[in-house]
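Asks: For the sequence shown, full-length UniProt numbering gives the first residue as 1, with consecutive numbering after it.
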Amino acid sequence: MKKILLIDDNKTILETLELTLTSNIDDIEVICVDSFTLASTTIRKNRDDIFMAVVDLHLADCKPGQAVSLTLSHKIPTIVLTSDVDENLKELFLKKDVLEYILKDSLGSIKSAVNFIKKIIRNYSSTVLIVDDSKLYRTVLREDLEKLHLNVLEACDGQEALDVLNETEEKISLVLTDYYMPEVDGIELTMRLREDYEKDTLSIIALSASEDEHALSEFIKAGANDFLAKPHTFEGLSVRINSNLDVLDLFQTTKDLSNKDYLTGSYNRRYFFDASEAIVGKNARKDESIVVATLDIDKFKNINDTYGHDVGDAAIKQIASLLKQTLRRTDLVARFGGEEYCILLEDISFEDAQKLFEKIRATFEANIITIKDITIQYTVSLGVAYGKSSDIYEMLKVSDNALYEAKNTGRNKVIIHTIGQA
């Protein structure tokens, strides 16, 4: 669990900030201290666990900025809160690697601090690719991006950037590309990237010392999202990076609302059919077998009638959680409605599929769920279709028939039917 240290001698601000943080961010612990002395002791005891600090510039028991220097000396990412509009102090602390400088002028400042912390947490799972033929500038840029806790990859020109994107297993969210480079320049790179990546999946920021308006226009026409002049400031870079990642997040949220089930966060029926088309088609062309399984909670109506819909919903959500833990990242899982889930697997033998689904069945049989002082156990039945087919509806019909057989021969079992030349 991430620990966030709040240092401020204003009790109201401490309490408001703590409440806002814990209400808006999951899996964090907030430590509040109201003096430099307590801050020193707390850091000494918890240094390895402190993820970030939000620090008031002025504390009663130390010089202005001393608490900020304390957190920075321990290499704790720091946000400064202050009532002073002092550009010299702001510039000084930004040079000292302060992440953000926020004025304590209203409740909006609390919201700004919380939003910035959420961005930094988001950045831990975001990857940026720097494309520049200057090794020195790549190093400078990498250092600034890593202050924002981004994962960073590098390429010395456009061709190497294309190779990195094709070869890396990491999902790259943003590309920062120079304009003038040998081999493939920034504009050509941008055009080629847009052949494969839309603006809702990959953001491109153009980097150049050039003030040529025509060049900037060409970059935007080629598909760049934004532009950053070289040399950059840390503050300017931070704003550009986080703004572009925010837009990608909004795109993803919109997609999730369309593609995911509101209760469990699993993909929904519509997405399953859209995504399965490519998977089924690819394996049909390769003459490879696929697996479609239908999973259903046994006697689910009894659970709802006996314990209430809250317990039933908890069981449905637990299905999604346990399937996510058990299956591969590449496997497709969707909630089809009610207590029914569908699973699509590829690259798996009949024997391994049999073992996997038996493991899933046994996991639920042994599992206990507790909610509102109610403890229950439940079982699931699985109908599985294994074989070669170019028709997902045909596979689902076979898996449904297998599920029907499992339900009518005692429940809590796995029935597998083969199709075609399995």
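Idealized CB from N, CA, C, for every residue including glycine.
Just the Cα atoms here: how many angstroms apart are N244 and S203?
Replies: Distance between the alpha carbons of N244 and S203: 7 Å.
Asks: For the candidate residues S390, K397, D310, whose alpha-carbon lies nearest to that of T375?
Replies: Closest by alpha carbon: D310.
Asks: For A314, which of G337, L263, Q354, T363 has the nearest alpha-carbon?
Replies: Here the closest residue by C-alpha is L263.
Asks: Whole-angstrom Cβ separation of I419 and F273, contact assumed at under 8 Å?
Replies: With a Cβ gap of about 18 Å, I419 and F273 do not count as contacting.
Asks: Relative to the C-alpha of G186, which residue among E169, I172, E160 is closest?
Replies: Of E169, I172, E160, the residue nearest in Cα terms is E160.
Asks: Within 10 Å of its beta-carbon, does N123 have 16 or more other beta-carbons around it, so buried, or fewer, so exposed?
Replies: Looking at its Cβ environment, which holds 16 or more other Cβ atoms inside 10 Å, N123 is buried.
Asks: Which same chain residues end up closer than 6 Å to L228 when comparing Cβ atoms and leaving out the 5 residues on each side of it in sequence?
Replies: Same-chain partners within the cutoff: I205, L207, R240.
Asks: Give the DSSP-derived three-state secondary structure of N304 in the structure shown.
Replies: Reduced to three states, the DSSP call for N304 is helix.
Asks: Per DSSP, N151 forms a beta bridge with which residues?
Replies: Answer by DSSP bridge pairing, in chain order: T127.
Asks: Am I right that V335 and D287 are in contact with their C-beta atoms under 8 Å? What's the rounded C-beta distance?
Replies: The residue asked about is misnamed: residue 335 is Arg in this sequence, not Val. Not a contact, Cβ separation roughly 31 Å.
Asks: In three-state terms, what does DSSP make of M191?
Replies: M191: helix per DSSP, three-state reduction.
Asks: Using 8 Å as the cut-off, can you tell me whether the region 360 to 375 makes contact with the region 267 to 283, which would need three or more C-beta pairs spanning the two stretches below that distance?
Replies: They do not touch, by the three-pair rule.
Asks: Counting along the chain, where does the beta strand (DSSP E) carrying S381 start and finish?
Replies: 380 to 387 is the extent of the beta strand (DSSP E) around S381.
Asks: Three or more C-beta pairs under 8 Å: does that hold for the region 398 to 414 against the region 379 to 387?
Replies: Contact holds: three or more Cβ-Cβ distances are below 8 Å.
Asks: Indicate the three-state DSSP secondary structure (helix, strand or coil) for K230 in the structure shown.
Replies: Three-state result, K230: coil.
Asks: If I follow the unbroken beta strand (DSSP E) through S203, where does it start and stop?
Replies: Run containing S203: 203 to 208, per the beta strand (DSSP E) assignment.
Asks: Where do the ends of the alpha helix (DSSP H) carrying D83 lie?
Replies: The sequence as given places Ser at residue 83; Asp does not occur at that position. First-last for S83: undefined, no H or E at that position.
Asks: What residues in its chain sit with their C-beta under 6 Å from that of I371, if we drop five residues either side in the sequence?
Replies: Only V311, A314 meet the Cβ criterion.
Asks: Can the beta-carbon of V54 be found less than 8 Å from the beta-carbon of I4?
Replies: In contact: V54 and I4 (Cβ atoms closer than 8 Å).
Asks: Helix, strand or coil: how does DSSP classify I121 here?
Replies: The answer is helix: DSSP assigns I121 an H, G or I state.
Asks: With DSSP collapsed to three states, give me the class of A293.
Replies: Looking at A293 - three-state DSSP - the assignment turns out to be strand.
Asks: Am I right that D296 and E339 are in contact with their C-beta atoms under 8 Å? What's the rounded C-beta distance?
Replies: Indeed, because the Cβ distance is near 6 Å, the residues count as touching under 8 Å.
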